[in-house]
Amino acid sequence: MSKEKIPVVNLPQHNSPQKKEVISQESVQHYDPEPPASTSRRKFIKNVSGMSAASLLGTAALMTNSDDVNANTEWAEHFQGNYRLMTDAEKQETVERLERRYSREYEKDVTVATTDAEDGVLFGYALNIQKCIGCRRCAKACVEENNQSRGDEQEIEWIRVLKMEKGEFTPERMNDGYPGDFGIQVGGNAYHAAGVVLEGEHYYEPEEVPEADSFYMPIACMQCEKPPCVKVCPVRTTYREEDGPVVIDYNWCIGCRMCIGACPYWARRFNWGEPNLPKEDMNPDTHYLGNRPRMKGVVEKCTFCIQRTRQGRYPACVEVCPVGARKFGNLLDPKSEVRKILASKRVFRLKAEMNTYPKFFYYVD
Amino acid sequence: MGSMIKFLTDYLAYVFKGGIKFYAWLAFLGIFVLIWGYGNYQQFTQGMIVTGLTDQISWGLYLANFVFLVGVAAGAVTVVFPAYVYHYEPLHKVTVLGEMLAIAAVIMCILFVLSHMGRPDRLWHMIPVLGIYNFPNSMLTWDTMVLLGYMILNLIGGFYFLYKRYMNREINKKFYLTIIFIAIVWALSIHTITAFLINTMPARPMWHHGMMPIRFISTAFAAGPSLIILIFLIIRKNTRLWIEDDAINMLSQIVAWCLGIGLFLTMSEVVTELYHPTEHSQGLQYLMFGVHGLNNLVIWFWSSMAFMVTAFIMLLIPRVRKNYKLLPIACVLTFVGVWIDKGMGLLIPGSVPTPIGEFTQYSPTFIEIFNCIGNWAIGFIILTILLKGAIGVLLGDVKYAEAEAA
Numbered sequence: 016m017s018k019e020k021i022p023v024v025n026l027p028q029h030n031s032p033q034k035k036e037v038i039s040q041e042s043v044q045h046y047d048p049e050p051p052a053s054t055s056r057r058k059f060i061k062n063v064s065g066m067s068a069a070s071l072l073g074t075a076a077l078m079t080n081s082d083d084v085n086a087n088t089e090w091a092e093h094f095q096g097n098y099r100l101m102t103d104a105e106k107q108e109t110v111e112r113l114e115r116r117y118s119r120e121y122e123k124d125v126t127v128a129t130t131d132a133e134d135g136v137l138f139g140y141a142l143n144i145q146k147c148i149g150c151r152r153c154a155k156a157c158v159e160e161n162n163q164s165r166g167d168e169q170e171i172e173w174i175r176v177l178k179m180e181k182g183e184f185t186p187e188r189m190n191d192g193y194p195g196d197f198g199i200q201v202g203g204n205a206y207h208a209a210g211v212v213l214e215g216e217h218y219y220e221p222e223e224v225p226e227a228d229s230f231y232m233p234i235a236c237m238q239c240e241k242p243p244c245v246k247v248c249p250v251r252t253t254y255r256e257e258d259g260p261v262v263i264d265y266n267w268c269i270g271c272r273m274c275i276g277a278c279p280y281w282a283r284r285f286n287w288g289e290p291n292l293p294k295e296d297m298n299p300d301t302h303y304l305g306n307r308p309r310m311k312g313v314v315e316k317c318t319f320c321i322q323r324t325r326q327g328r329y330p331a332c333v334e335v336c337p338v339g340a341r342k343f344g345n346l347l348d349p350k351s352e353v354r355k356i357l358a359s360k361r362v363f364r365l366k367a368e369m370n371t372y373p374k375f376f377y378y379v380d
Numbered sequence: 002m003g004s005m006i007k008f009l010t011d012y013l014a015y016v017f018k019g020g021i022k023f024y025a026w027l028a029f030l031g032i033f034v035l036i037w038g039y040g041n042y043q044q045f046t047q048g049m050i051v052t053g054l055t056d057q058i059s060w061g062l063y064l065a066n067f068v069f070l071v072g073v074a075a076g077a078v079t080v081v082f083p084a085y086v087y088h089y090e091p092l093h094k095v096t097v098l099g100e101m102l103a104i105a106a107v108i109m110c111i112l113f114v115l116s117h118m119g120r121p122d123r124l125w126h127m128i129p130v131l132g133i134y135n136f137p138n139s140m141l142t143w144d145t146m147v148l149l150g151y152m153i154l155n156l157i158g159g160f161y162f163l164y165k166r167y168m169n170r171e172i173n174k175k176f177y178l179t180i181i182f183i184a185i186v187w188a189l190s191i192h193t194i195t196a197f198l199i200n201t202m203p204a205r206p207m208w209h210h211g212m213m214p215i216r217f218i219s220t221a222f223a224a225g226p227s228l229i230i231l232i233f234l235i236i237r238k239n240t241r242l243w244i245e246d247d248a249i250n251m252l253s254q255i256v257a258w259c260l261g262i263g264l265f266l267t268m269s270e271v272v273t274e275l276y277h278p279t280e281h282s283q284g285l286q287y288l289m290f291g292v293h294g295l296n297n298l299v300i301w302f303w304s305s306m307a308f309m310v311t312a313f314i315m316l317l318i319p320r321v322r323k324n325y326k327l328l329p330i331a332c333v334l335t336f337v338g339v340w341i342d343k344g345m346g347l348l349i350p351g352s353v354p355t356p357i358g359e360f361t362q363y364s365p366t367f368i369e370i371f372n373c374i375g376n377w378a379i380g381f382i383i384l385t386i387l388l389k390g391a392i393g394v395l396l397g398d399v400k401y402a403e404a405e406a407a
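Residue numbers (the numbering used here), protein chains in the order written: chain A, 16 to 380; chain B, 2 to 407.
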């Protein structure tokens, strides 16, 4: 494990939309979601007619509202079918419509890819919990790459880093009781438990990481081979792609949140309000099933950065990890790094008893 | 066909011919519908962010009311079952009132599901052919199917009976009894599947046990007839339709025994979970005692227990059960007790702690509460209309022959 201390990226205290908290802006290496060189940049065309119409309507609040709604959804989107059932021509039409809307909305040249799964590919992930120092760069990079909602009203993160106490026993804290607001074991004894041992604390805010008495276990969607979330979805908007990731057609989701109830890893997030994605921070290089901007009332989750990995690039979290704790590759390729880890390291999966068969593996050297 | 249209117009004409009391009742409910309109506007334009729900606790008051009302709808069968299976005459005469309650309760269920949905505008995605209906994988599709089926069965059964009564013709027993018996079994299915909706999720250990369906049904058969007794007593007081004491006494016995079974099942769960509590008992511990000073739900649990136990003891004593001044109190205690038991006492702690062990508190916002009360108000308006017309037919005030003569 790296002994070097580095600043931690602070996360919001609460994933709740109600909680209004200012996120401290620590100085972190800025992660640049750089698009592949091959992407052609189309010229942005200003929607002049729309602008003049808006100015004619003046400043009436009601009108501004209806104008926003128009900007956020094109009429045809309401009648759009399920992505998996679309013909190639329909996909093309849908994607062009979305690109048009996104480009107008974010004032940049947005592409929405529909790249399909490749044959002979099954994506897998391996994370070295021995190396992880809990700096949360992965969580931050993920947000920048995947266009999650940000700001104090609704902060969405797909990766949560759990801080675990080393050993689960500290004599000094025998009678402390649990001090904070959230429940993990930090004291008490067998007959008078002051807390409970659960998976971990994810609101830690230290000056520096790693902390002496802790180790860290990042979680995100485990991309289960038998995903409980897929089974419960009443409209099949969420499903497992052929190369492994469980994805969501955001335009087909009805927002019933059955999947959130069914997920044993708390990997799914809901857009409680209209997502807040500043124009300047928007990553224009998107995939239909991945990081394209979402709308209110739908569920979202990690897709193994489908927009990157299907182009042969690493997920953003793998690329940004300063200690090399995150590994990614093709589980069907015996020479891939992930396969080598599975063959040679001590590997386990989270909540294996759930029979979900995650493609996200944890290991120690 | 013409006579059917005549039936409907006569029915509605009778319903809206009411006194001050009737219109005052509707106006009272109407106020809540107006507030409901405001709440829904807010929620539809701003999103679910106006509720107290979070990623940690993403199912709340809406779904709690839904689960409870499915029970009320199923509970209506307690009127039908003794009437048709045991040929219990006092209830036989008023079966149709139970069916009307079932219809209104299912409509309320649908309203609560719509309130719960993040994208109600995309409901059509669930319609087979037009959209995708993930049947038989998704429990929600089963639930939708049985609930709609139950509503249709009750609409057919109830209105077929009323229509024949209106025309003063004999009912076709083969047809009618088939519908009735299917509806009896179907009533069990709706609450069973609502239990399956939440207890088939290993990710939520508090719900993940096989006792859920029977516990749901037993408490539903306490809360449902409690409401029916209250309605019957109101009908006796305010209309010329006399519901016999025996009918009410039969229902109050059903409430007593089903409530007793429900309490027994609760006790079994508490002992099983807490004798040697594991991490999987955290939800129940949070509900009953609070954890780390987080005790939002403790008051709900214990008040629910107090209500239900008090009601059970009251109903066990025949003198109290047959005293129609005290019986309504026991019924209200049962109804509220079960409402808490299935709502704040079951739906919320299922999400606490989260699958990764985080404790979060949930308190509904005003908009959420407005929308809930509004849904109830709409349901009661529909129930009032259905019941008033049905009573008119039963009394013979709404009759085909009379209309022809005039």
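Just so it is clear, CB atoms sit at the ideal spot from N, CA and C, and this is done for glycine as well.
Residues of chain B whose Cβ lies closer than 8 Å to the Cβ of Asn97 (chain A) are, in chain order, His126, Gly132, Ile133. Under the three-state reduction of DSSP output, Arg116 (chain A) falls in the helix class. Chain-order list of chain A residues neighbouring Trp258 (chain B): empty, with the shortest C-beta distance near 32 Å, by a criterion of under 8 Å.
For the set B:Ile6, B:Arg241, B:Ala257, the Cα lying nearest the Cα of Ile230 (chain B) is the one of B:Ala257.
Residue-level contact by beta carbon holds for Ile234 (chain A) and chain B, with a gap shorter than 8 Å. Under the three-state reduction of DSSP, Glu133 (chain A) is assigned to coil, being neither helix nor strand.
Around the Cβ of Tyr280 (chain A), a 10 Å sphere holds 16 or more other Cβ atoms; the residue is buried. Burial state of Ser269 (chain B) is exposed, judged by a 10 Å Cβ sphere holding fewer than 16 other Cβ atoms.
Going by DSSP, Pro233 (chain A) is part of the beta strand (DSSP E) stretching over 229-234.
Residue pairing for Asn155 (chain B): DSSP places it in no beta bridge. The three-state secondary structure of His302 (chain A), taken from DSSP, is strand. Taking C-alpha positions only, Val250 (chain A) is separated from Val110 (chain A) by approximately 21 Å. With 16 or more other Cβ atoms inside 10 Å of its own Cβ, Lys316 (chain A) counts as buried. In the three-state reduction of the DSSP assignment, Lys165 (chain B) falls in the helix class. The beta-carbon distance between Phe217 (chain B) and Gly76 (chain B), rounded to whole angstroms, is 11 Å. This is too long to meet the 8 Å contact definition. Taking a Cβ-Cβ cut-off of 7 Å, the neighbours of Asn138 (chain B) in chain A comprise Lys246, given in sequence order. In the structure shown, the three-state DSSP call for Ile392 (chain B) is helix.
Per the DSSP secondary-structure output, Arg283 (chain A) pairs with nothing in a beta bridge. Against chain B, the CB of Phe285 (chain A) has a partner CB under 8 Å away; the residue lies at that interface. In terms of beta-carbon proximity, Ala277 (chain A) lines the interface with chain B, with at least one pair separated by less than 8 Å. When the alpha-carbon of Pro206 (chain B) is set against those of B:Ile262, B:Phe371, B:Leu30, B:Pro350, the nearest one is in B:Pro350. Under the Cβ distance rule, Gly38 (chain B) does not count among the residues neighbouring chain A, no pair being separated by less than 8 Å.
Secondary structure at Ile263 (chain A): strand, using DSSP grouped into helix, strand and coil. The closest CA to that of Asp134 (chain A), considering only A:Lys360, A:Phe363, A:Asp348, is found on A:Asp348.
Any Cβ of chain B closer than 8 Å to the Cβ of Arg364 (chain A) would place that residue at the interface, and such an atom is absent.
A Cβ-Cβ contact shorter than 8 Å links Met140 (chain B) with Phe197 (chain B). Membership of Ala65 (chain B) in the alpha helix (DSSP H) is indicated by the continuous run 62-76. Ranked by how close their Cα comes to the Cα of Val78 (chain B), the residues B:Ser59, B:Leu62, B:Gly99, B:Ile58 have B:Gly99 in first place. In this structure, Met232 (chain A) lies near Met179 (chain A), with their beta-carbon atoms less than 8 Å apart. For Lys326 (chain B), there is no enclosing beta strand (DSSP E), as DSSP gives it neither H nor E. When C-alpha distances from Met251 (chain B) are compared across B:Trp303, B:His209, B:Leu317, the shortest belongs to B:Leu317. Unbroken beta strand (DSSP E) runs of no fewer than 3 residues, entirely contained in the segment 333-358 of chain A, are found at 341-345, following chain order. The continuous alpha helix (DSSP H) containing Ala223 (chain B) extends over residues 213-239. Residues of the segment 99-120 of chain B that bring their beta carbon within less than 9 Å of a beta carbon in chain A comprise Val114, His117, Met118, Gly119, Arg120, in sequence order. For the 8 Å CB-CB criterion, Val362 (chain A) and Tyr372 (chain A) do not form a contact.
Runs of the beta strand (DSSP E) spanning 3 or more residues and lying entirely within the segment 103-130 of chain B do not occur at all.
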